[in-house]
Amino acid sequence: SQKIEQNSEALNIQEGKTATLTCNYTNYSPAYLQWYRQDPGRGPVFLLLIRENEKEKRKERLKVTFDTTLKQSLFHITASQPADSATYLCALDGDGGATNKLIFGTGTLLAVQP
Amino acid sequence: DGGITQSPKYLFRKEGQNVTLSCEQNLNHDAMYWYRQDPGQGLRLIYYSQIVNDFQKGDIAEGYSVSREKKESFPLTVTSAQKNPTAFYLCASRIAGVTDTQYFGPGTRLTVL
Chain A
1 SQKIEQNSEA LNIQEGKTAT LTCNYTNYSP AYLQWYRQDP GRGPVFLLLI RENEKEKRKE
61 RLKVTFDTTL KQSLFHITAS QPADSATYLC ALDGDGGATN KLIFGTGTLL AVQP
Chain B
1 DGGITQSPKY LFRKEGQNVT LSCEQNLNHD AMYWYRQDPG QGLRLIYYSQ IVNDFQKGDI
61 AEGYSVSREK KESFPLTVTS AQKNPTAFYL CASRIAGVTD TQYFGPGTRL TVL
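These protein sequences, in sequence, are chains A and B. In terms of the numbering used here, the first sequence opens at residue 1 and continues consecutively. In terms of the numbering used here, the second sequence opens at residue 1 and continues consecutively.
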């Protein structure tokens with residue numbers, strides 16, 4: 001069956017460290033994968049998109065990798081800050097980009113301790 | 001001030017009543033989406049529309065209905081046929097064919113008493 005899995009446990013790290021979040025998927029062949037940030041009681045906010053032919057993408061303190069062989073994406077936040085505390089969702093297109101529907105993971109809660 | 005608005009932010013209804021959630025966008029986006037989010041679960045797609053006067057069912061459309069009479073508006077009706085309607089509802093939009101990212105509204109938390 002098709003599945004997207006993110007770290008089910010909350011991730012607690014110290015301020016200044018690098019946070020690494022994992023997104024694994026099975027039985028999908030996505031054309032792209034996206035990462036969103038969601039704060040409690042609010043809608044998700046888009047952070048980064050990485051396409052199947054890209055290995056790595058960076059934006060300021062954020063870095064995303066995409067390994068289509070391992071069927072895995074890693075999301076890194078360097079020099080983390082308490083303001084980075086939120087739930088991070090990965091999402092991929094479930095049908096190779098045909099209809100632009102996104103399939104979302106359950107999210108990983110990141111808590112950055114000062 | 002461009003963006004997506006959803007109203008109301010909190011909504012309470014009695015069991016058996018239909019309720020309509022509003023979603024409006026002034027981003028000139030072609031495609032609009034409705035998701036449902038429950039604790040511990042990812043966003044699940046209810047309905048989506050890629051163009052005015054056309055919409056498709058998502059993964060959990062039973063008990064819901066939508067309309068897309070205007071590009072800016074995509075209201076969602078939660079009917080009495082929806083067995084477990086209490087949830088956080090999110091509306092999103094995107095520019096079809098230009099960008100693959102979705103822009104989300106602030107959400108409506110529906111509680112059925």
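We treat Cβ as the ideally placed atom computed from N, Cα and C, and that holds for glycine.
What's the C-alpha gap between residue i and residue j?
{"i": "Arg51(A)", "j": "Ile46(B)", "result": "25 Å"}
{"i": "Gly63(B)", "j": "Pro75(B)", "result": "14 Å"}
{"i": "Glu56(A)", "j": "Ala31(A)", "result": "14 Å"}
{"i": "Phe8(B)", "j": "Arg94(B)", "result": "According to the sequence shown, residue 8(B) is Pro rather than Phe. Looking at the two C-alpha atoms, the distance is approximately 22 Å."}
{"i": "Val64(A)", "j": "Glu15(B)", "result": "44 Å"}
{"i": "Gln34(A)", "j": "Glu15(A)", "result": "25 Å"}
{"i": "Tyr35(B)", "j": "Tyr25(A)", "result": "20 Å"}
{"i": "Gln6(A)", "j": "Phe104(A)", "result": "10 Å"}
{"i": "Pro82(A)", "j": "Leu102(A)", "result": "29 Å"}
{"i": "Lys71(A)", "j": "Leu49(A)", "result": "16 Å"}
{"i": "Ser49(B)", "j": "Lys17(A)", "result": "42 Å"}
{"i": "Gln25(B)", "j": "Asn53(B)", "result": "16 Å"}
{"i": "Arg13(B)", "j": "Arg61(A)", "result": "43 Å"}
{"i": "Ser8(A)", "j": "Ala61(B)", "result": "27 Å"}
{"i": "Ala81(B)", "j": "Phe104(B)", "result": "26 Å"}
{"i": "Gly94(A)", "j": "Gly58(B)", "result": "12 Å"}
{"i": "Leu27(B)", "j": "Gln102(B)", "result": "12 Å"}
{"i": "Pro85(B)", "j": "Ser65(B)", "result": "13 Å"}
{"i": "His29(B)", "j": "Ser73(B)", "result": "10 Å"}
Along chain B, in chain order, which residues have C-beta atoms closer than 7 Å to that of residue i?
{"i": "Phe75(A)", "result": "Result: empty, since nearest Cβ-Cβ is about 15 Å, beyond 7 Å."}
{"i": "Pro30(A)", "result": "None at all; the shortest Cβ gap to chain B is about 11 Å."}
{"i": "Phe104(A)", "result": "Gly42, Leu43"}
Exposed or buried, which one is residue i when buried takes at least 16 other CB atoms within 10 Å?
{"i": "Lys70(B)", "result": "exposed"}
{"i": "Ser1(A)", "result": "exposed"}
{"i": "Thr108(A)", "result": "buried"}
{"i": "Asp100(B)", "result": "buried"}
{"i": "Ala19(A)", "result": "buried"}
{"i": "Leu21(B)", "result": "buried"}
{"i": "Pro114(A)", "result": "exposed"}
{"i": "Arg68(B)", "result": "buried"}
{"i": "Ala10(A)", "result": "exposed"}
{"i": "Pro44(A)", "result": "buried"}
{"i": "Gln37(B)", "result": "buried"}
Indicate whether residue i and residue j have their beta-carbon atoms separated by less than 8 Å.
{"i": "Tyr33(B)", "j": "Ala92(B)", "result": "yes"}
{"i": "Asn100(A)", "j": "Ala31(B)", "result": "yes"}
{"i": "Thr106(A)", "j": "Gly40(B)", "result": "yes"}
{"i": "Cys23(B)", "j": "Ile4(B)", "result": "yes"}
{"i": "Leu110(A)", "j": "Leu21(A)", "result": "yes"}
{"i": "Arg37(A)", "j": "Tyr88(A)", "result": "yes"}
{"i": "Leu43(B)", "j": "Leu110(B)", "result": "no"}
{"i": "Ser80(A)", "j": "Val112(A)", "result": "yes"}
{"i": "Val112(B)", "j": "Asn18(B)", "result": "no"}
Residue i touches chain B at which residues, Cβ-Cβ below 8 Å?
{"i": "Arg42(A)", "result": "Pro106, Gly107"}
{"i": "Leu89(A)", "result": "Gly42, Leu43"}
Quick one: which chain A residues come within Cβ less than 8 Å of residue i?
{"i": "Thr86(B)", "result": "The contacting residues do not exist; Thr86(B) stays about 15 Å from chain A at best."}
{"i": "Asp100(B)", "result": "Tyr32, Gln34, Leu49, Asp93, Gly97, Asn100"}
{"i": "Arg36(B)", "result": "Ordered by position in chain A, no residue passes the 8 Å Cβ test against Arg36(B), which lies about 11 Å from the chain."}
{"i": "Ala61(B)", "result": "Those do not exist, as Ala61(B) stays about 13 Å from chain A at its closest Cβ, beyond 8 Å."}
{"i": "Arg94(B)", "result": "Asn100"}
What does residue i reach in chain A if we use C-beta pairs closer than 7 Å?
{"i": "Ala31(B)", "result": "Asn100"}
{"i": "Leu27(B)", "result": "Those within 7 Å of Leu27(B) in chain A number zero; the least Cβ separation is about 13 Å."}
Can you pull the chain A residues whose beta carbon is under 9 Å from the beta carbon of residue i, in chain order?
{"i": "Arg13(B)", "result": "Those do not exist, as Arg13(B) stays about 19 Å from chain A at its closest Cβ, beyond 9 Å."}
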